[in-house]
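J.: Provided herewith is a single structure, encoded as structure tokens, for subsequent inquiry.
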Amino acid sequence: MALKMVKGSIDRMFDKNLQDLVRGIRNHKEDEAKYISQCIDEIKQELKQDNIAVKANAVCKLTYLQMLGYDISWAAFNIIEVMSASKFTFKRIGYLAASQCFHEGTDVIMLTTNQIRKDLSSPNQYDTGVALTGLSCFVTPDLARDLANDIMTLMSHTKPYIRKKAVLIMYKVFLKYPESLRPAFPRLKEKLEDPDPGVQSAAVNVICELARRNPKNYLSLAPLFFKLMTSSTNNWVLIKIIKLFGALTPLEPRLGKKLIEPLTNLIHSTSAMSLLYECVNTVIAVLISLSSGMPNHSASIQLCVQKLRILIEDSDQNLKYLGLLAMSKILKTHPKSVQSHKDLILQCLDDKDESIRLRALDLLYGMVSKKNLMEIVKKLMIHVDKAEGTTYRDELLTKIIDICSQSNYQYITNFEWYISILVELTRLEGTRHGHLIAAQMLDVAIRVKAIRKFAVSQMAMLLDNAHLIASNTQRNGICEVLYAAAWICGEFSEHLEEANQTLEAMLRPKVTTLPGHIQAVYVQNMVKLYASILQQKERSGEKEGAQEITQLMIERLPQFVQSADLEVQERASCILQLIKYIQKLQIKEVPVAEEVIALFAGELNPVAPKAQKKVPVPEGLDLDAWINEPPSDSESEDEKPKTIFHDEEQRHSRHRQPEIDEEELARRREARKQEQANNPFYIKSSPSPQKRYQDTPGVEHIPVVQIDLSVPLKVPGMPMSDQYVKLEEERRHKQKLEKDKKKKKQKKEKRGKHHRHNSLHTESEEDIAPAHHVDIITEEMPENALPSDEDDKDPNDPYKALDIDLDKPLADSEKLPVQRHRNVETLKSPDSEAPLVEKKSKKPKKKEKKHKEKEREKGKKKEKEKKVVEEEEEKKVILQDLHYFRSCFSESPMISPPLNLQTYDIQGNLQNDSQVTVSVIFENKSTSFLKSMELNVLDSLNTKMLRPEGSSVHDGIPVPFQLPPGISNEAQFVFTLQSIVMAQKLKGTLSFIVKNDEGSTHEKLDFKLHFSCASYLITTPCYSDAFAKLLESGDLHMSSIKVDGISISFQHLLAKICFHHHFSVVERVDSCASMYSRSIQGHHVCLLVKKGENSVSIDGKCNDSTLLSNLLDEMKETLSKC
Amino acid sequence: MRGEAGPGAALPGGRRRAESDPTGPGTGPGLGPRTPVPGPGAMMRFMLLFSRQGKLRLQKWYLATADKDKKKMVRELMQVVLARKPKMCSFLEWRDLKVVYKRYASLYFCCAIEGQDNELITLELIHRYVELLDKYFGSVCELDIIFNFEKAYFILDEFVMGGEIQDTSKKSVLKAIEQADLLQEEDESPRSVLEEMGLA
């Protein structure tokens, strides 16, 4: 053995260490992959060795390789081995590797539970620290559940180093195991007042994170945090708390009012930018939530904007960026305050940092008004021209469109200007937002009736110049605008001046190079154009002209019939046939135009994007129900087609629509319009809210304004939209002059009186009347559409599970799971109390008492066979089972443990005031022979197992017997303790050898030993006069409990207290009794038990208040089970 | 090892000190009238250290993530950050996160935080970590982090846990690291090798 170790150490000297590996990789730049695969082979060899140092070295190297991107998940088990090394050096490496590569999918992670638990309770704080750090990276729901209690205990560790880490990791535990939040929260709250500032801020941190996700549960903590905020001098903590208040104020407006003052004070006084920024953000959030009912918040807003301006003007790019970011938040509620800084924002558009320019763009979106829209867009268009890089240019493009189209084109006073802007944007090459421009063109042309004529003329121009645009045929490229142009020209062809020319432009051979979906629209719309030209020609009697145009169509359409695109091909062939038919009729000199035009009669209305979704399901309609009975499984295969065919035929005959002629259609349309007009829920023709000042009653009656075409459509050398800007300025100026004139008149009339009032209003944007009376048609919605669109909350939000009421008292069922074997409950606890009561009542009470006395006399003498078993049946209800836990490392965890442990009794020792004896029953439930059992516990500071002299705390105590299959036996262990005022828990392990035919294996069982306070009491008789003296002495602390829902008799109840809690009755009068007991350390415990109807109250007195309250708690638990 | 050629030019101490406060003069927490006290800061998703050449030097994930996703995110983020020009601000929005990064000599330090978190305090956090590395290694350079990458992790683990700052006092972080190192050296002393051989 020793030789092997020496050999191992020598081997180690020749192994590569981490630095050799790193150096090697750097020296093999050409064949790095090969070199590393060689290293991995070496590492695999190293991992096979027994020497833990070699293994740790290998794992360390693997961790490095993992960072380089190599998969090391295959070594997960080796990592666990290194984690469980006893030396800190190796443990540290093991945990580092685990924290780097373990995740919830790592299956061996469940093997770590015991190891981590052991490390958490290690006497070395760095072991504990390293385990906590590692756990914080890979904690899983299972680990969180199993270790929550251990970590909670660590929150009260004596060393702040551990407390701090334990508090922080609790947040991760809560996320993974939300049930732990309520039981752990009181202690977490305590830590807010921890003497160590590090622990305190850790607690602030965790609670703030929790509260930010589910603020309403933490409102009750507001006063505490308010105190912390006004007293703390730590900027890091302040930032957290201030952020928390930002989350709380929307729920409690009063809080907001209180906050404004301290926050503005901080803004004035602090020089730390991070804190200033946080304060400004929170003030903004508070003011947003308070937006109504705050009298003088404009001062606070001004302060914020002022400070932000300083940030934006700073030369530091970071501050500039954040300043703009915060500004955009103010903008939402207080646009006026931000708009006055327009100059600054526009300046930022020239910044060399793209991210700052983008922020500035975001801000501009909210800053536009009717007054400045044209000016801002003009600036943006200049930037579009000089922008480098398509990303930023595309961003500008989308922003221009966003800015203009926002809230239903609210700020556009001149749509001709907007259309020209859109047309100008089509000159952008390489943009990916062609479809956006196209969608805007369509939307405006459809919804703004007054603009159609102008739009059509512009679109015709686009179609004419399609060769400029179509050079870039990539998807979503600028060619998309041709889609819109073709459709608009076709649909509104009545406005087209030179329809012939446009039709020819659409029939050019070059068109066939466009994407299929655009060609399809071309084909469809050229028929519309054709129809309107035909009508025109027929009306004016130009028969030849009409035939010429038909001939043109017949000549050019075949190029589309040959298209590879199915849609284009199909449409083109249909239309070609139709036109050939028309040609025949034309030759026969039959007038056809009216019929052709009827193909496209009726107007297409815009439909709101979510219209379909908003149709409510009518009452009584079950969409999931079968319309027909589903075919039953028993039906044979060959029968099926027949029945389906039959059904189908029937359905067809039933549902076939009768042929409808034109007149009928027109009549129905008329009827529907009538109906819509009378239906208050039909919102089609309601004017948009911004346009309410228009007094026109419906769409139909709006006069389509004649546009003064004296403006040339294209001015050479000058972008068109500028023309409109100029015109608009002139128009506004004129308007203003007129208004001023009026005002002067008014002023003359009411001089002095309303002077200030008037001057305030001169610039207001309501004064700017739109150039034309335009109606923006609202998109159609179905009848009875549901009004709100509830934005679906993400059901997978991990923080949702932490939405837990923390003020409700803790129920027993919520206590954190203490290490417990999965079989314990089912195997052992007799859930029903009934049989127990029965047994008890059968037994004469005296006998029991006698028996107890005997037991005491005999001290620790063992009970024998049957009696023990019987007694046990009753005792195990309260005597805590030795929770055992089969070692996770066992090969087949599904097999039930071969060994069953049970605490049978814990007895105080009268001779020695600091010792208790624990009797444990060992039962072999397997078919194997168990031997060499050794029991060991992890001593706590307070409670230690008594070991033979000279042995260390790591040595176990051998169990003095072996167990053949099916046999049980009892052994006793003595423990020493210092304080007995609190219940204690010890963790331990039982190791043993299982011997069967196949050989012997070494196995382990983990368990937990529970010392209740009652186990420190020794039943001591007391006389009533001595009892009275004790009570009178006044040295005793008093406490009381009350338990409801007690149904057993008083006699029985007293017996229970005597038996389970080691008391004796001093005196009993009716439903009232005094009881007494003494602890092994000489504490007197006196009780006064009173029984009311269905309830029991117990008043207790004791030298030690902690002991008393713990005893009473235990009693409460026993009694509540009655 | 420090003499080796490569990307390991020492992070110039002078330059760093000139930038010692990432938020400009007098802007860091605790530099105002308030006295600095250790305390936690922002909630972080992950931290990456990578070189100008795009080589990852350290990665710490505070939310367990599958290897595949990690690789993808690292690659993507490295591209985005390396493509930024030197005069650009230190923040960017990436996926649903905010990324705060800062370049020190040849190394980029890069943190991903959540939408609500404070960018400036994260910048401060990065800076403190660099200071810690500097104190520990004594004028740190990229090579120190390459060859002692586990130490860089240990320091980070003492400084940040689960994405939260656990100690902002440089002194106490360094003390904890020193103590742990001491413990490690005891383990590694020759005496324990003898013990290991069964000769003690």
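Same order as they appear, the protein sequences are chains Z and X. Counting in UniProt numbering, the first sequence runs from 1 upward without gaps. Counting in UniProt numbering, the second sequence runs from 1 upward without gaps. Using N, Cα and C, we set each Cβ at its ideal position, and we do this for glycine too. Small disclaimer: the values here were computed from a predicted structure and weren't measured.
Report, in whole angstroms, the separation of the C-beta atoms of V511 (chain Z) and Q519 (chain Z), which I expect to be a contact under 8 Å.
T.: At roughly 6 Å, the Cβ-Cβ gap stays under 8 Å, so V511 (chain Z) and Q519 (chain Z) are in contact.
J.: For residue 1132 (chain Z), which three-state DSSP category applies?
T.: Coverage of chain Z is limited to positions 1 through 1122, which leaves residue 1132 (chain Z) absent and any answer about it impossible.
J.: Residues bridged to C1102 (chain Z) by DSSP?
T.: Note: C1102 (chain Z) sits in a beta bridge opposite Z:H1037 and Z:V1085.
J.: Please confirm whether N114 (chain Z) and D939 (chain Z) have their CB atoms less than 8 Å apart.
T.: Contact flag unset, no.
J.: Which residues, taken in chain order from the stretch 148-163 of chain X, show a beta carbon closer than 9 Å to some beta carbon of chain Z?
T.: Residues passing the 9 Å Cβ filter: N148, F149, E150, Y153, F154, D157, E158, M161, G162 and G163.
J.: Run through DSSP, which three-state label would S940 (chain Z) get?
T.: Three-state DSSP puts S940 (chain Z) in coil, outside helix and strand.
J.: Quick one: which unbroken alpha helix (DSSP H) runs of 4-plus residues sit fully inside the UniProt domain "AP complex mu/sigma subunit" (43-183) of chain X? Chain order, please.
T.: DSSP runs (the alpha helix (DSSP H)) wholly in the UniProt domain "AP complex mu/sigma subunit" (43-183) of chain X: 67-82, 119-137, 142-147 and 149-159.
J.: Taking the beta strand (DSSP E) that I921 (chain Z) belongs to, which residues open and close that run?
T.: Looking at the DSSP string, the run of the beta strand (DSSP E) that includes I921 (chain Z) is Q915 to N924.
J.: Where does F889 (chain Z) land, buried or exposed, given buried means 16+ other C-beta within 10 angstroms?
T.: Because F889 (chain Z) sits at a pLDDT of 28, beneath the cut-off of 50, its placement in the model cannot be relied upon, and the point is left open.
J.: So, at 8 Å on beta carbons, what are the nonlocal neighbours of S355 (chain Z) in its own chain, with the 5 sequence-adjacent residues on each side left out?
T.: Contacts found: Y321.
J.: Would you please verify whether the beta carbon of D167 (chain X) is less than 8 Å from any beta carbon of chain Z?
T.: Closer than 8 Å to some Cβ of chain Z, the Cβ of D167 (chain X) qualifies, so yes.
J.: Using a threshold of 8 Å, state whether the C-beta atoms of L183 (chain X) and Y126 (chain Z) are closer than that.
T.: Cβ distance < 8 Å, so L183 (chain X) and Y126 (chain Z) count as in contact.
J.: Return helix, strand or coil for residue 1128 (chain Z), following the three-state DSSP convention.
T.: Residue 1128 (chain Z) is absent from the structure shown; chain Z starts at 1 and stops at 1122.
J.: Is the distance from the Cβ of Y411 (chain Z) to the Cβ of R357 (chain Z) below 8 Å?
T.: Not a contact, by the Cβ cut-off of 8 Å.
J.: Can you say whether L133 (chain X) is buried or exposed, counting buried as having 16 or more other CB atoms within 10 angstroms of its CB?
T.: With 16 or more other Cβ atoms within 10 Å, it is buried.
J.: If you check the beta carbons only, do S328 (chain Z) and D807 (chain Z) fall under 8 Å apart?
T.: Going by C-beta atoms, S328 (chain Z) is not nearer than 8 Å to D807 (chain Z).
J.: So, is the C-beta of D96 (chain X) closer than 8 Å to a C-beta in chain Z?
T.: Chain Z contact via Cβ: absent.
J.: Assuming E209 (chain Z) and M88 (chain X) make a contact with CB atoms under 8 Å, what is their CB distance in whole Å?
T.: Not confirmed; about 30 Å, so no contact.
J.: Within a Cβ cutoff of 6 Å, which residues of the same chain sit near F77 (chain Z), ignoring the five residues on either side of it in sequence?
T.: V108, listed in sequence order.
J.: State the Cα-Cα distance for the pair K60 (chain X) and I145 (chain X), rounded to the nearest angstrom.
T.: Taking the straight line from one Cα to the other gives about 14 Å.
J.: At a Cβ threshold of 8 Å, is L133 (chain X) touching chain Z?
T.: It does not: the Cβ of L133 (chain X) has no partner Cβ on chain Z nearer than 8 Å.
J.: Express the C-alpha separation of K379 (chain Z) and V305 (chain Z) in angstroms, rounding to a whole number.
T.: Rounded to the nearest angstrom, the two C-alpha atoms are 24 Å apart.
J.: Can you give me the C-alpha to C-alpha distance between P844 (chain Z) and H1052 (chain Z), rounded to a whole angstrom?
T.: With a pLDDT of only 43 at P844 (chain Z), under the threshold of 50, the placement of this residue in the model should not be trusted; the figure read from the coordinates follows. C-alpha separation (whole angstroms): 12 Å.
J.: Quick one: residues in its chain with C-beta nearer than 6 Å to the C-beta of S136 (chain Z), no 5 flanking neighbours on either side, listed in chain order?
T.: Closer than 6 Å at Cβ, skipping near neighbours: I169 and K172.
J.: Could you check whether L96 (chain Z) and Y153 (chain X) sit closer than 8 Å to each other, using their CB atoms as the reference points?
T.: Against a cut-off of 8 Å, the Cβ pair of L96 (chain Z) and Y153 (chain X) comes out as a contact.
J.: Can you name the residues that DSSP bridges to N969 (chain Z)?
T.: Beta-bridge pairing links N969 (chain Z) to Z:F922.
J.: If L319 (chain Z) sits next to M273 (chain Z), beta carbons under 8 Å apart, how far is it from one beta carbon to the other, in whole angstroms?
T.: Indeed they touch by this definition, with Cβ atoms about 6 Å apart.
J.: Identify, in the order they occur along the chain, each residue of the same chain with its Cβ nearer than 6 Å to the Cβ of M47 (chain X), setting aside the five sequence neighbours on each side.
T.: Contacts found: K60 and C111.
J.: Within the same chain, show all residues whose beta-carbon is closer than 8 Å to that of residue 1140 (chain Z), passing over the 5 residues directly before and after it, in chain order.
T.: Here chain Z covers residues 1 to 1122 and nothing more, so residue 1140 (chain Z) does not appear.
J.: State yes or no: is the beta carbon of K399 (chain Z) nearer than 8 Å to at least one beta carbon in chain X?
T.: No, its Cβ sits nowhere closer than 8 Å to a Cβ of chain X.
J.: Between Q317 (chain Z) and chain X, is there a C-beta pair that is closer than 8 Å?
T.: Yes, Q317 (chain Z) counts as interfacial toward chain X.
J.: Does the Cβ-Cβ distance between L557 (chain Z) and A546 (chain Z) come in under 8 Å?
T.: Contact flag unset, no.
J.: Could you list which residues in chain Z have their beta carbon closer than 7 Å to that of Q116 (chain X), in chain order?
T.: In chain order: R212 and K243.
J.: For E491 (chain Z) and L599 (chain Z), I'd like the C-alpha separation in whole angstroms.
T.: Those two C-alpha atoms are separated by around 12 Å.
J.: With a cut-off of 8 Å, does the C-beta of N205 (chain Z) fall near any C-beta of chain X?
T.: Taking Cβ atoms only, chain X reaches closer than 8 Å to N205 (chain Z), which makes this a yes.
J.: Can you tell me where the alpha helix (DSSP H) with Q984 (chain Z) in it begins and where it stops?
T.: Careful: Q984 (chain Z) lies outside any alpha helix (DSSP H), inside the beta strand (DSSP E) at Q984 to N996.
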